[in-house]
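K.L.:
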């Protein structure tokens with residue numbers, strides 16, 4: 029029979045059946061007897077405990093009934109519940125009562141005796157005893173035992189013993205360099221018992237040993253602030269150590285969160301036998317992090333092997349690694365088994381139940397790792413076994429699948445830690461705190477992608493060049509052609525050191541198809557690449573491209589941020605661009621042509637009508653692709669693809685206009701794209717292209733409030749359209765600029781232009797443009813504050829759009845938009861009911877045109893008018909319908 033009192037009270041028979049009494053008084057009776065196992069307890073004392081000092085006259089008879097019921101419920105012959113000397117006794121093995129076993133383990137560990145250091149170079153048996161004792165606690169002791177009186181009499185001593193055991197375990201682990209293992213438990217105990225200064229002192233020391241100096245200092249200051257007198261000797265000593273100790277590794281910076289995650293994973297791995305897998309891109313500091321962490325916790329208990337997973341000479345054979353491990357574990361060279369399977373079996377036998385760390389660095393594959401992993405602990409084992417920590421650039425999904433590995437992906441340093449690493453290189457004579465220097469350091473850190481390897485190389489250059497500022501080095505790294513070469517250091521026996529060198533090793537290990545795709549992606553200028561773009565660039569089927577992209581993600585050359593979209597760091601992009609520059613001309617130009625054609629296809633919907641007004645805003649897609657579109661436009665011009673350059677520039681300009689890119693800024697990127705397109709159009713001497721790109725620049729300058737420049741570009745665009753003999757294009761050029769003026773609130777400039785467009789559309793050659801011209805003028809007049817004139821033009825537009833004639837068919841988008849204009853004019857005149865009727869008519873007409881965007885605008889107009897009339901429920905329904913239609917239009 030097992031009785032658990034250190035947590036929820038639980039009673040189990042030998043076969044595992046739970047027989048915990050449900051009645052509180054029977055639980056209290058059993059707990060009172062179990063606490064004093066094999067000792068008689070007087071009936072009077074039991075009555076007092078079971079009834080919490082408020083026993084009724086019938087308590088003695090009731091106690092006898094509870095005893096009889098317990099005997100029947102427990103069933104097993106042991107523990108035996110008997111009578112002795114006017115009381116009762118529960119007889120059994122003290123090891124079967126967790127509370128008593130806890131006390132016995134503490135006695136064996138000498139918790140109440142002065143601490144004695146273990147002999148150097150030996151395992152400390154006290155650690156295992158104390159760890160086993162503390163692991164017996166599953167929650168507050170005796171919390172549901174049914175007797176507050178019993179709990180009050182038992183708990184103070186029990187709690188004191190537990191805190192003493194925790195303190196003694198912290199002392200032993202600190203002596204072994206493993207204090208960081210106990211931070212979580214010490215934190216909980218110190219928070220629950222702020223008056224125990226030794227606990228606070230141990231927590232400070234363990235945090236410091238774990239490399240969490242700022243937390244250690246904060247804990248010390250917090251503990252001292254709570255005191256009404258000077259700190260005691262142990263807490264004072266912890267504070268002195270904080271002030272005196274320099275960091276154990278001057279090269280290591282930050283990573284407090286990652287060290288904490290490693291510590292949390294350690295406990296799980298030690299119990300389950302599953303490895304800890306630390307993955308991340310080249311240069312992110314995987315090895316440095318794990319070595320720093322291991323040095324703090326396993327100063328004499330680490331088996332380590334560099335598996336050379338990315339070595340140009342190939343990875344190490346696991347059989348050879350096993351030979352080395354067996355030798356380190358004390359096996360004579362001649363006694364090492366010949367067969368790899370026998371070596372692995374002997375290795376796992378020697379590791380069983382040993383508290384040791386196996387560090388497997390730079391692993392290539394699960395197949396390489398499998399023989400090197402320690403065996404899983406048996407179900408009956410209570411000892412903490414060996415722990416394997418694996419580092420790899422590969423995500424090693426097979427290890428996660430087959431071994432239940434605990435994955436700890438490592439990201440670049442956060443901005444504060446990156447700043448600290450670079451600031452250290454400046455030295456005391458070059459302060460890093462002034463705003464200008466701090467900004468330059470931040471820019472330099474971003475140029476290094478905040479990767480520890482790149483940051484250390486940059487720091488080394490700064491340290492070697494005292495006359496250089498962080499801004500000087502950031503400018504050097506910004507150079508597209510030579511910046512990556514600046515992040516290199518002197519070579520070693522293993523080869524060159526640097527960002528490019530580490531990426532080289534990853535690249536060379538790729539299968540040929542994945543390596544080809546990675547190189548071709550160097551021609552893509554953006555930070556995010558989707559599957560369709562990669563497939564077009566490499567001339568692959570999308571399914572094949574997705575498979576290869578996944579393989580690049582697996583080794584951290586890309587990172588799949590959302591399904592089918594892959595981001596890459598700037599240093600990786602530059603490295604890939606360097607690889608792409610080595611391609612032969614035919615392959616490079618062929619890929620660029622496919623990339624340009626792909627973006628022309630993607631943007632075709634925004635380039636066919638020459639009419640951005642009323643189109644669906646491009647949203648997240650354009651925000652993601654804007655920099656790539658801009659760079660592809662430039663590439664098309666540079667590689668002589670002028671026709672594609674101006675087409676893509678024009679469509680991208682329309683996207684800028686729709687998305688209103690650069691709001692509140694100088695719109696430099698938009699202007700650069702439009703000017704590239706205009707140059708390409710001049711090169712081709714293409715008048716329609718000149719008209720389109722001239723109009724793009726006119727619209728841009730309207731946004732910039734440079735109206736004179738805008739009208740100059742418009743005049744040039746109209747002249748080009750006239751040379752081309754394209755009346756429709758001429759009309760569209762002027763209409764786009766007028767619409768831009770209206771959106772900018774420049775009604776005095778827009779209205780004459782719109783009036784001229786109406787006059788021009790009344791000619792037989794352009795009468796098909798009249799409805800839209802009248803509608804645009806009506807909308808502008810409403811905004812300009814003359815709704816009576818607006819209604820005249822809107823009524824005419826509605827009449828023409830809804831009346832069949834020899835040249836017009838009724839209905840269509842023109843009729844819907846004209847009805848919008850009429851509804852707005854009526855609303856501005858205060859004719860609310862008539863405005864609402866027109867809005868409902870617009871909704872009805874919108875359903876007939878088959879365009880969800882236009883129909884969405886009709887619902888939006890109706891919702892606005894209903895809201896103004898206070899009809900909020902109907903307005904909400906109309907707005908919801910409009911949003912659903914707009915979303916459908918975006919798809």
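In the numbering used here, the protein residues as written are 29 to 919. Where is the CB? At the ideal position from N, CA and C, for every residue including glycine.
Given a cut-off of 8 angstroms on the beta-carbon distance, is the pair residue 764 and residue 727 in contact?
P.N.:
Yes, Cβ-Cβ distance for residue 764 and residue 727 is below 8 angstroms.
K.L.:
When you compare only the Cα positions, how much space is there between residue 711 and residue 671?
P.N.:
For residue 711 and residue 671, the distance between alpha carbons rounds to 9 angstroms.
K.L.:
Please identify the residue among 261, 319, 152, 254 whose C-alpha is closest to the C-alpha of residue 286.
P.N.:
Comparing Cα-Cα distances from residue 286 to each of 261, 319, 152, 254, the minimum goes to 319.
K.L.:
What is the rounded straight-line gap between the Cα of residue 423 and the Cα of residue 308?
P.N.:
So the alpha carbons of these two residues sit roughly 8 angstroms apart.
K.L.:
Taking its Cβ as the centre, do 16 or more other Cβ atoms sit within 10 Å of residue 908, making it buried, or is it exposed?
P.N.:
Exposed: under 16 other Cβ atoms inside 10 Å.
K.L.:
Taking residue 550 as the reference, which of 660, 441, 466, 569 has the closest Cα?
P.N.:
Of the listed residues, the one whose Cα sits closest to residue 550 is 660.
K.L.:
In whole angstroms, what separates the C-alpha of residue 234 from that of residue 512?
P.N.:
Computed Cα separation, rounded: 40 angstroms.
K.L.:
Would residue 321 be called buried (16 or more neighbouring beta carbons within 10 Å of its own) or exposed?
P.N.:
Its Cβ being crowded by 16 or more others within 10 Å, residue 321 is buried.
K.L.:
Determine the closest residue to residue 342 out of 865, 888, 537, with distance taken between C-alpha atoms.
P.N.:
Ranking 865, 888, 537 by Cα distance to residue 342 puts 537 first.
K.L.:
Evaluate the contact criterion for the region 287–302 versus the region 202–211: three or more CB pairs, one atom per stretch, below 8 angstroms.
P.N.:
Counting Cβ pairs under 8 angstroms, three or more are found: they touch.
K.L.:
Excluding the 5 residues preceding and the 5 following residue 118 in the sequence, name in chain order all residues of the same chain whose CB lies nearer than 7 angstroms to its CB.
P.N.:
Closer than 7 angstroms at the Cβ level, and outside the excluded window around residue 118, lie 61, 62, 65, 107, 109.
K.L.:
Where do the N-terminal and C-terminal ends of the beta strand (DSSP E) with residue 306 fall, by residue?
P.N.:
Note, residue 306: beta strand (DSSP E), 304–307.
K.L.:
For residue 46, count neighbouring Cβ atoms within 10 angstroms of its own Cβ and tell me buried if that reaches 16, exposed if not.
P.N.:
Classification of residue 46: exposed, given that the 10 Å Cβ count is below 16.
K.L.:
Quick one: what does DSSP say residue 116 is sitting in, helix, strand or coil?
P.N.:
Three-state DSSP puts residue 116 in a strand.
K.L.:
Roughly how far, in whole angstroms, is the beta-carbon of residue 621 from the beta-carbon of residue 658, given that I think they are within contact range, below 8 angstroms?
P.N.:
Incorrect: roughly 18 angstroms between the Cβ atoms, too far for contact.
K.L.:
Out of 544, 436, 478, which one is the CA nearest neighbour of residue 442?
P.N.:
Cα-wise, what sits closest to residue 442 is 478.
K.L.:
Excluding the 5 residues preceding and the 5 following residue 863 in the sequence, name in chain order all residues of the same chain whose CB lies nearer than 7 angstroms to its CB.
P.N.:
Only 851, 854, 855, 893 meet the Cβ criterion.
K.L.:
Going by DSSP, name the residue or residues bridged to residue 437.
P.N.:
307.
K.L.:
Based on Cα-Cα distance, which residue from 702, 618, 901 lies nearest to residue 676?
P.N.:
Ranking 702, 618, 901 by Cα distance to residue 676 puts 702 first.
K.L.:
Using CA coordinates, which residue listed in 311, 548, 426, 331 is at the minimum distance from residue 439?
P.N.:
Ranking the options by Cα distance to residue 439, first place goes to 311.
K.L.:
Between which two residues does the beta strand (DSSP E) containing residue 386 stretch?
P.N.:
Where residue 386 is concerned, the enclosing beta strand (DSSP E) stretches over 385–389.
K.L.:
Assign residue 242 to one of two classes, buried (16 or more other C-beta atoms within 10 Å of its C-beta) or exposed (fewer than that).
P.N.:
Residue 242 comes out exposed.
K.L.:
Quick check on the DSSP output: the alpha helix (DSSP H) that includes residue 535 runs from which residue to which?
P.N.:
Taken as a continuous stretch (DSSP letters only), the alpha helix (DSSP H) holding residue 535 covers 527–536.
K.L.:
Could you spell out where the beta strand (DSSP E) holding residue 420 opens and where it closes?
P.N.:
It spans 415–420 - the beta strand (DSSP E) in which residue 420 sits, taken as one unbroken run.
K.L.:
Measuring only the C-alpha atoms, how far is residue 188 from residue 213?
P.N.:
One C-alpha to the other measures close to 15 angstroms.
K.L.:
Three or more C-beta pairs closer than 8 angstroms, one from the region 523–533 and one from the region 566–577: is that the case here?
P.N.:
With a cut-off of 8 angstroms, the region 566–577 and the region 523–533 do not count as touching, because too few Cβ pairs lie within range.
K.L.:
Do residue 722 and residue 745 have their CB atoms nearer than 8 angstroms?
P.N.:
Yes.
K.L.:
Residue 517 bridges to which residues according to DSSP?
P.N.:
In the DSSP output, where bridge partners are listed per residue, residue 517 has 525.
K.L.:
Just the Cα atoms here: how many angstroms apart are residue 874 and residue 789?
P.N.:
Cα to Cα, the separation comes out at about 24 angstroms.
K.L.:
Would you call the region 132–140 in contact with the region 181–196, where contact means no fewer than 3 C-beta pairs closer than 8 angstroms?
P.N.:
Contact holds: three or more Cβ-Cβ distances are below 8 angstroms.
K.L.:
Buried or exposed for residue 168, please, with buried defined as at least 16 other CB atoms from any protein chain shown within 10 angstroms of its CB.
P.N.:
Exposed, because fewer than 16 other Cβ atoms sit within 10 Å of the Cβ of residue 168.
K.L.:
Give the straight-line distance between the Cα atoms of residue 378 and residue 357, rounded to the nearest whole angstrom.
P.N.:
About 7 angstroms.
K.L.:
Taking 8 angstroms as the cut-off, decide whether the C-beta atoms of residue 34 and residue 225 are in contact.
P.N.:
No. Outside cutoff.
K.L.:
Let me know if residue 493 comes out buried or exposed under the rule of 16 or more other beta-carbons within 10 Å of its beta-carbon.
P.N.:
Exposed, because fewer than 16 other Cβ atoms sit within 10 Å of the Cβ of residue 493.
K.L.:
Express the C-alpha separation of residue 229 and residue 251 in angstroms, rounding to a whole number.
P.N.:
Computed Cα separation, rounded: 9 angstroms.
K.L.:
Check residue 109 in the structure and name its three-state DSSP category.
P.N.:
Correct three-state label for residue 109: strand.
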